[in-house]
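Enquirer:
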Amino acid sequence: MGSFKGHVLPGTLFLLVGVWHIWSSLVRYLSNPKSFRVRIWNPVPGFDGRLKYLELYLVAGGAFIDMCIELLYSTHLKFFVNGVLNPHHMNDFEHGGMLLMFFIFGVVSLLSEKTRFLPLPEEVLCLVAAAAFSAEYLLFYFHSTTHKGLEGHYHLLLVLLIGLCVLSIVTGALLPTSFPVDLSTGIAMTLQGLWFYQTAFTLYGPMMPDGCQLKANQVMCRSSESQIRGELLASFQLFSMVFGVLVAVAAAYGFAASRYGHSDLNSLQDGSD
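When we follow the working numbering, the leftmost residue of the sequence shown carries the number 1200, and every step to the right adds one.
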């Protein structure tokens, strides 16, 4: 089924990368709107360039560590039983495959940026990232672990957020100068990270809805009314997150505009008026 830590760890990764993507997109656009380009990753400034590739190291390193936990620790190295993949750990194998895709994206991006062996344009890196999110989407949509009831509703909403990530990244590859598309990518990743946290605190933490409980590694509700009430609460939680993130983005835009606003921005606004 999963665990609290199993949701918080990837949630933290998506949340950090998503928030950084939002802020970087705002600063890059407000600093020079005419030269704005979509980026699937954003360098960290300062410290004499020593932290420039921190985001890529975080993605590759975080995915690799989590992949090792899924494939080595969780399976106890029992990969095969009677010549076939261990059916009791299919969930771990699926998670490991998803994390492998994000690890590949981080490594490919580092090779593209730091070496001459794999020089790829930003649009191609966007498609590599979209492939990683597509693998995540397929994992949760065709999961070997059957998600039913309240747990299934939470994972269905997660699948929708992952699909939004795929859509925004692919659109960014097709429209490489679109600020709204680049910003929506950061928002989608942030919402995915927040929803991992929400799932962890609801299904495995103190926010379980009344009438439902975690029993025998499954979320059980006393009645259909309790399950429906829990699903409605989940939908409201997602709406609250979307509203909160949009308000935070608007506030961040105003703050960034006051610090990094370029004269070209006013001319663009006057032209649109």
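Backbone N, C-alpha and C fix where the C-beta goes; we use that ideal spot for every residue, glycine too.
If GLU1321 and ILE1221 are in contact, beta carbons under 8 Å, what's the gap, nearest whole angstrom?
Expert: About 18 Å separates the two Cβ atoms, so there is no contact after all.
Enquirer: Which class does LEU1357 belong to by DSSP, given the choice of helix, strand or coil?
Expert: Helix, per DSSP.
Enquirer: By Cβ distance, which residues of its chain are closer than 6 Å to GLY1460, with the 5 residues on each side in sequence left out?
Expert: The residues are LEU1229.
Enquirer: Just verifying my parser: in three-state terms, what is the DSSP assignment at HIS1206?
Expert: Of the three classes helix, strand and coil, the one that applies to HIS1206 here is helix, per DSSP.
Enquirer: Within the same chain, show all residues whose beta-carbon is closer than 7 Å to that of SER1367, passing over the 5 residues directly before and after it, in chain order.
Expert: So the list reads VAL1380, SER1383, THR1384, ALA1387, once near-sequence residues are dropped.
Enquirer: Buried or exposed, going by whether 16 or more other CB atoms sit within 10 Å of the CB of ASP1469?
Expert: Since pLDDT at ASP1469 reaches only 49, below the 50 mark, its modelled position is unreliable, and the value read off the structure follows with that caveat. By the neighbour-count rule (16 or more Cβ atoms within 10 Å), ASP1469 is not buried but exposed.
Enquirer: Exposed or buried, which one is ASP1409 when buried takes at least 16 other CB atoms within 10 Å?
Expert: Result: exposed.
Enquirer: Only counting runs of 4 or more residues, tell me where the alpha helix (DSSP H) segments fall wholly within the stretch 1248–1282, in order along the chain.
Expert: Qualifying alpha helix (DSSP H) stretches, in chain order: 1253–1267.
Enquirer: Could you check the C-alpha separation between VAL1280 and SER1311 for me, to the nearest Å?
Expert: Those two C-alpha atoms are separated by around 40 Å.
Enquirer: Whose C-alpha, out of MET1266, ASN1416, CYS1411, HIS1354, is nearest the C-alpha of TRP1394?
Expert: That would be HIS1354, whose Cα lies nearest to the Cα of TRP1394.
Enquirer: Under the three-state reduction of DSSP, which class applies to GLY1453: helix, strand or coil?
Expert: If DSSP states are grouped into helix, strand and coil, GLY1453 belongs with the helices.
Enquirer: Over what stretch of residues does the beta strand (DSSP E) that includes MET1143 continue unbroken?
Expert: No answer is possible for residue 1143: the residues shown for the chain start at 1200 and end at 1472.
Enquirer: Within the same chain, show all residues whose beta-carbon is closer than 8 Å to that of HIS1342, passing over the 5 residues directly before and after it, in chain order.
Expert: Closer than 8 Å at Cβ, skipping near neighbours: ASN1290, GLU1293, HIS1354.
Enquirer: Is it buried or exposed for GLY1429, if we count other Cβ within 10 angstroms and need 16 for buried?
Expert: With 16 or more Cβ atoms within 10 Å of its Cβ, GLY1429 is classed as buried.
Enquirer: What does the alpha-carbon distance come out to for the pair GLU1335 and ILE1361?
Expert: Taking the straight line joining both Cα atoms gives about 7 Å.
Enquirer: When you compare each of LEU1437, PHE1301, ARG1249 to LEU1390 by their alpha carbons, which one comes out closest?
Expert: Comparing Cα-Cα distances from LEU1390 to each of LEU1437, PHE1301, ARG1249, the minimum goes to LEU1437.
Enquirer: DSSP three-state label for LYS1347, please.
Expert: In this structure, LYS1347 counts as coil in the three-state DSSP scheme.
Enquirer: Is it buried or exposed, CYS1364, if we count other Cβ atoms within 10 angstroms and call 16 or more buried?
Expert: Under this definition CYS1364 is a buried residue.
Enquirer: Label CYS1325 either buried or exposed according to how many other C-beta atoms from any shown protein chain fall within 10 Å of its C-beta, with 16 as the threshold for buried.
Expert: Looking at its Cβ environment, which holds 16 or more other Cβ atoms inside 10 Å, CYS1325 is buried.
Enquirer: Spatial neighbours of LEU1270 within its chain, please: CB distance less than 6 Å, with the 5 preceding and 5 following residues excluded, ordered by chain position.
Expert: Cβ within range, chain order: GLY1295.
Enquirer: If I'm right that ALA1455 touches LEU1215 with Cβ under 8 Å, what's the distance once you round it to whole angstroms?
Expert: No, ALA1455 and LEU1215 are not in contact; Cβ-Cβ is about 18 Å, not under 8 Å.
Enquirer: So is ALA1329 buried or exposed if we call it buried at 16+ other beta carbons inside 10 Å?
Expert: Flag for ALA1329 reads buried.
Enquirer: Beta-carbon within less than 8 Å of GLY1260's beta-carbon, same chain only, minus the 5 sequence neighbours each way: which residues are those?
Expert: Here the set comprises GLY1305.
Enquirer: Just to confirm my understanding: we take ASP1472, look at its own chain, exclude 5 residues before and 5 after, and list those with CB closer than 7 Å. What are they?
Expert: For ASP1472, the pLDDT reaches just 48, beneath the cut-off of 50, and the residue's location in the model is therefore unreliable, although a value from the coordinates is still provided. Counting only Cβ-Cβ distances below 7 Å, and skipping sequence neighbours, we find nothing.
Enquirer: Based on DSSP bridge pairs, tell me the residues matched to GLN1412.
Expert: In the DSSP output, where bridge partners are listed per residue, GLN1412 has MET1419.
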